[in-house]
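Asker: Taken in sequence, the protein lines are chains V and Z.
The first sequence runs 1 to 201 under this note's numbering.
The second sequence runs 1 to 201 under this note's numbering.
We put the beta carbon where it would ideally sit given N, CA and C, even for glycine.
First the structure, then my questions, so here it is.
2 protein chains.
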Amino acid sequence: MTEPRDFFDIVRSLRAHRVFSDRPVSDDIIERVLEAATYAPSAENTQPWVFVVVRDPAVRSALGELTTRAWDSGAREYARSRLSPAMFADVDRGATGGVSGAPVLVVVGGDRTHCNDAVLDASIYPAVQNLLLAANALRLGSALTTLPTVLDGALRELVSLPDHVRAVAVVPLGWPARPLGPPRRTPVREKAHRERYGNSW
Amino acid sequence: MTEPRDFFDIVRSLRAHRVFSDRPVSDDIIERVLEAATYAPSAENTQPWVFVVVRDPAVRSALGELTTRAWDSGAREYARSRLSPAMFADVDRGATGGVSGAPVLVVVGGDRTHCNDAVLDASIYPAVQNLLLAANALRLGSALTTLPTVLDGALRELVSLPDHVRAVAVVPLGWPARPLGPPRRTPVREKAHRERYGNSW
Chain V
1 MTEPRDFFDI VRSLRAHRVF SDRPVSDDII ERVLEAATYA PSAENTQPWV FVVVRDPAVR
61 SALGELTTRA WDSGAREYAR SRLSPAMFAD VDRGATGGVS GAPVLVVVGG DRTHCNDAVL
121 DASIYPAVQN LLLAANALRL GSALTTLPTV LDGALRELVS LPDHVRAVAV VPLGWPARPL
181 GPPRRTPVRE KAHRERYGNS W
Chain Z
1 MTEPRDFFDI VRSLRAHRVF SDRPVSDDII ERVLEAATYA PSAENTQPWV FVVVRDPAVR
61 SALGELTTRA WDSGAREYAR SRLSPAMFAD VDRGATGGVS GAPVLVVVGG DRTHCNDAVL
121 DASIYPAVQN LLLAANALRL GSALTTLPTV LDGALRELVS LPDHVRAVAV VPLGWPARPL
181 GPPRRTPVRE KAHRERYGNS W
């Protein structure tokens with residue numbers, strides 16, 4: 001289970017997990033994953049990240065209800081019109097109990113007293129990506145979800161976030177209920193340009 | 001130079017490089033690094049990232065002037081009042097020719113026709129973090145800079161970004177002119193909370 005893997009294998013096998021087993025996740029594992037997050041860059045090295053680690057079933061369930069509420073209030077119909085049927089079914093399952101079924105939910109916030117609001121996203125999402133990759137390195141499933149942040153006030157109340165901390169993501173952590181295949185990606189040559197936009201790589 | 005390293009070593013040794021050697025960086029290396037970037041998550045897997053790879057010395061120099069101009073128009077004085085003298089000197093050197101001295105500058109954009117503006121940052125900065133980590137895995141120096149995006153119009157013009165692509169970062173890539181020590185980070189226990197904010201990990 002824990003043989004070391006090549007860095008690029010870890011990067012290339014990262015998928016959003018939305019179904020988890022009941023097997024518990026130890027504090028040690030969570031600490032390793034959060035420590036990796038703290039090694040991300042941030043504007044002026046201000047390190048504005050805040051992590052609230054939720055294990056309490058009642059709070060996880062309330063976070064799940066919040067996510068479903070955000071999903072029901074427009075996001076589901078928006079997604080249905082844009083996603084493939086298979087992906088829609090997967091996201092729908094995630095938003096209606098799958099994600100909140102993880103044994104651990106990490107609410108990620110950005111502290112605006114540490115860091116100018118204009119560069120807060122640039123100083124938080126790299127840490128979230130480190131967190132996801134570190135989880136994958138340890139064979140732990142995760143996902144980057146922003147849906148619950150739509151209902152900002154209710155989310156902050158559930159984990160007592162003060163006004164100066166902006167909620168930016170909720171990341172479930174748990175052992176995958178089933179293995180996922182490789183992710184699908186558009187090749188670099190369709191995303192990269194040489195010297196100027198439009199001058200294809 | 002290229003023995004494989006442990007994932008966590010790569011994560012923990014990432015630093016912002018602002019001085020680069022003249023040694024060229026091959027297209028192969030750039031492609032590996034950009035490919036890693038494309039394996040990041042994005043909202044609905046929309047993959048809104050755009051990479052413009054700049055090698056042209058005239059454009060790099062113009063990007064450098066732009067960065068210096070943004071630095072001179074307030075950012076320098078703001079930073080001087082907040083940073084340690086050593087860090088200020090390093091950032092100042094970076095903003096006044098260090099970063100643009102890299103043999104490659106990658107202008108990273110987010111395509112708003114692919115992805116709702118509200119989740120664009122969440123769908124781009126994870127890719128930028130993959131890019132930085134992949135560079136570090138290959139012993140290539142890099143940095144996440146957002147300063148040139150302050151002068152958005154001038155930046156977009158230099159690399160012909162269309163209106164629907166938002167410029168989010170400029171990442172220099174080059175072989176480090178000198179090794180950097182380990183990054184300084186606040187421990188997890190000061191950043192993580194149990195169940196609720198304020199209930200220290």
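So, with DSSP's three-state summary, where would you put R196/Z?
Answerer: In the second sequence, the residue the question calls residue 196/Z occupies position 196. Of the three classes helix, strand and coil, the one that applies to R196/Z here is coil, per DSSP.
Asker: Could you say which of P57/Z, V119/Z, D92/Z lies nearest to A102/Z if we only look at CA atoms?
Answerer: Sequence index remark: in the second sequence, residue 102/Z carries index 102 (1-based). Among P57/Z, V119/Z, D92/Z, the Cα nearest to that of A102/Z is on P57/Z.
Asker: Kindly identify the DSSP beta-bridge partner or partners of V19/V.
Answerer: By 1-based counting over the first sequence, the position of residue 19/V is 19. Bridge partners of V19/V: none, in fact.
Asker: Roughly how many whole angstroms lie between the Cα atoms of L66/Z and N136/Z?
Answerer: As a first step, residue 66/Z is located in the second sequence; it is residue number 66 there, counting from the start. As a first step, residue 136/Z is located in the second sequence; it is residue number 136 there, counting from the start. Roughly 26 Å separates the two Cα atoms.
Asker: For W208/Z, which of L161/Z, V25/Z, F7/Z has the nearest alpha-carbon?
Answerer: Limits of chain Z in this structure are 1 at one end and 201 at the other, which puts residue 208/Z out of reach.
Asker: Do you know whose CA, among L138/V, G198/V, V91/V, I124/V, lies nearest F51/V's CA?
Answerer: Looking up residue 51/V in the first sequence gives position 51. Considering only alpha carbons, the answer is I124/V.
Asker: Which full runs of the beta strand (DSSP E) of 3+ residues lie inside the stretch 91-138 of chain Z, going along the chain?
Answerer: Here the runs fully enclosed are 104-111.
Asker: Check each residue of the stretch 163-191 of chain Z: if its Cβ is closer than 9 Å to any Cβ of chain V, include it; give the result in chain order.
Answerer: Against chain V - using a Cβ distance shorter than 9 Å - the residues of the stretch 163-191 of chain Z are V165, V168, A169, P183, R184, R185, T186, P187, V188, R189, K191.
Asker: State the start and end residues of the unbroken alpha helix (DSSP H) segment that holds P57/V.
Answerer: Numbered from its first residue, the first sequence carries residue 57/V at position 57. Here the alpha helix (DSSP H) through P57/V covers 57-70.
Asker: Taking 8 Å as the CB-CB cut-off, is F8/V touching chain Z?
Answerer: Here residue 8/V is taken as the residue at index 8 of the first sequence, counted from 1. So, interface residue.
Asker: Which residues of the stretch 23-39 of chain V have a Cβ closer than 7 Å to any Cβ of chain Z? Give them in chain order.
Answerer: Residues passing the 7 Å Cβ filter: E31, L34, E35, A36, T38, Y39.
Asker: Is R184/V helix, strand or coil by DSSP?
Answerer: Residue numbering aside, residue 184/V sits at position 184 when the first sequence is read from its first letter. R184/V falls in the coil class under three-state DSSP.
Asker: Applying a beta-carbon distance threshold of less than 8 Å, which residues of chain V neighbour T146/Z?
Answerer: Mapped onto the second sequence, residue 146/Z falls at position 146. A43, V119, A122, listed in chain order.
Asker: For a quick check, are the C-beta atoms of L158/V and L63/V less than 8 Å apart?
Answerer: Walking along the first sequence from the start, residue 158/V turns up at place 158. Walking along the first sequence from the start, residue 63/V turns up at place 63. For L158/V and L63/V, yes; Cβs fall inside 8 Å.
Asker: Starting from V165/Z, trace the alpha helix (DSSP H) both ways and give me its first and last residue.
Answerer: To locate residue 165/Z, count along the second sequence from 1; it is residue 165. First-last for V165/Z: 165-174, but that is the beta strand (DSSP E), not the alpha helix (DSSP H).
Asker: Which residue marks the beginning of the alpha helix (DSSP H) containing V33/Z, and which one marks its end?
Answerer: Working through the second sequence from its first residue, we reach residue 33/Z at position 33. 27-38 is the extent of the alpha helix (DSSP H) around V33/Z.
Asker: Check whether the stretch 139-149 of chain V touches the stretch 85-102 of chain V, counting contact only when three or more Cβ pairs, one atom from each stretch, lie closer than 8 Å.
Answerer: Contact between the stretch 139-149 of chain V and the stretch 85-102 of chain V is present, because at least three Cβ pairs lie under 8 Å.
Asker: Between the stretch 44-56 of chain V and chain Z, which residues of the former have CB atoms less than 8 Å from a CB of the latter, in chain order?
Answerer: Against chain Z - using a Cβ distance shorter than 8 Å - the residues of the stretch 44-56 of chain V are E44, N45, Q47, W49, V50, F51, V52, V53, V54, R55, D56.
Asker: How big is the Cα-Cα spacing for Q129/Z and E31/Z?
Answerer: Reading the second sequence from its first residue, position 129 is the one you call residue 129/Z. Reading the second sequence from its first residue, position 31 is the one you call residue 31/Z. Answer to the nearest angstrom: the Cα atoms are 15 Å apart.
Asker: Suppose contacts are defined by Cβ-Cβ distances below 8 Å. Is L131/V in contact with A37/V by that definition?
Answerer: In the first sequence, counting from the first residue as 1, residue 131/V sits at position 131. In the first sequence, counting from the first residue as 1, residue 37/V sits at position 37. Yes. Within cutoff.
Asker: Out of W49/V, E35/V, V59/V, state which residue places its alpha-carbon closest to the alpha-carbon of R196/Z.
Answerer: Here residue 196/Z corresponds to residue number 196 of the second sequence, with the count starting at 1. When each option's Cα is compared against that of R196/Z, the closest is V59/V.
Asker: Would you verify that the beta carbon of H114/Z is, or is not, closer than 8 Å to some beta carbon of chain V?
Answerer: Locating residue 114/Z in the second sequence gives position 114, counting from the first residue. Chain V, which has no Cβ nearer than 8 Å to the Cβ of H114/Z, makes this no.
Asker: Following the continuous alpha helix (DSSP H) through V11/Z, name the residue where it begins and the one where it ends.
Answerer: Sequence index remark: in the second sequence, residue 11/Z carries index 11 (1-based). Start and end: 7-12.
Asker: Where do the ends of the beta strand (DSSP E) carrying W49/V lie?
Answerer: Here residue 49/V corresponds to residue number 49 of the first sequence, with the count starting at 1. Where W49/V is concerned, the enclosing beta strand (DSSP E) stretches over 49-54.
Asker: Looking at the unbroken alpha helix (DSSP H) that takes in R275/V, where does it start and where does it end?
Answerer: What the structure shows of chain V is the stretch from 1 to 201, and residue 275/V is not part of that stretch, so it cannot be assessed.
Asker: Assign R23/V to buried or exposed, taking buried as 16 or more other Cβ atoms, counted over all protein chains shown, within 10 Å of its Cβ.
Answerer: The residue given as residue 23/V occupies position 23 in the first sequence. Exposed, because fewer than 16 other Cβ atoms sit within 10 Å of the Cβ of R23/V.
Asker: Based on DSSP bridge pairs, tell me the residues matched to T145/V.
Answerer: The sequence position of residue 145/V within the first sequence is 145, counting from 1. Answer by DSSP bridge pairing, in chain order: V170/V.
Asker: For H203/Z, count neighbouring C-beta atoms within 10 Å of its own C-beta (all shown protein chains included) and say buried if the count is 16 or more, exposed if not.
Answerer: Residue coverage of chain Z in this structure runs from 1 to 201, which leaves residue 203/Z outside it and unanswerable.
Asker: Please report the straight-line C-alpha distance between V107/Z and H193/V, rounded to a whole angstrom.
Answerer: By one-based count along the second sequence, residue 107/Z stands at place 107. By one-based count along the first sequence, residue 193/V stands at place 193. If you take the alpha carbons of V107/Z and H193/V, they lie about 10 Å apart.
Asker: Taking the alpha-carbon positions, what's the A27/V to P126/V distance?
Answerer: The count along the first sequence starts at 1 and reaches residue 27/V at position 27. The count along the first sequence starts at 1 and reaches residue 126/V at position 126. It is Asp, not Ala, that sits at residue 27/V in the sequence shown. For D27/V and P126/V, the distance between alpha carbons rounds to 22 Å.
Asker: DSSP state of R178/Z, grouped into three classes?
Answerer: Numbered from 1 along the second sequence, position 178 holds the residue referred to as residue 178/Z. It is coil, neither helix nor strand.
Asker: Is the beta carbon of P182/Z within less than 7 Å of some heavy atom of the ligand MN?
Answerer: Only the bare structure without any ligand can be found here, which leaves the ligand MN out of the picture.
Asker: To the nearest angstrom, report how far apart Q47/Z and P162/V are at their CA atoms.
Answerer: The count along the second sequence starts at 1 and reaches residue 47/Z at position 47. The count along the first sequence starts at 1 and reaches residue 162/V at position 162. The straight-line gap from Cα to Cα measures roughly 33 Å.
Asker: Counting along the chain, where does the alpha helix (DSSP H) carrying E157/V start and finish?
Answerer: Indexing the first sequence from 1 puts residue 157/V at position 157. E157/V -> alpha helix (DSSP H) spans 152-158.
Asker: Taking the alpha-carbon positions, what's the L155/Z to A89/V distance?
Answerer: Working through the second sequence from its first residue, we reach residue 155/Z at position 155. Working through the first sequence from its first residue, we reach residue 89/V at position 89. Whole-angstrom Cα-Cα distance: 40 Å.
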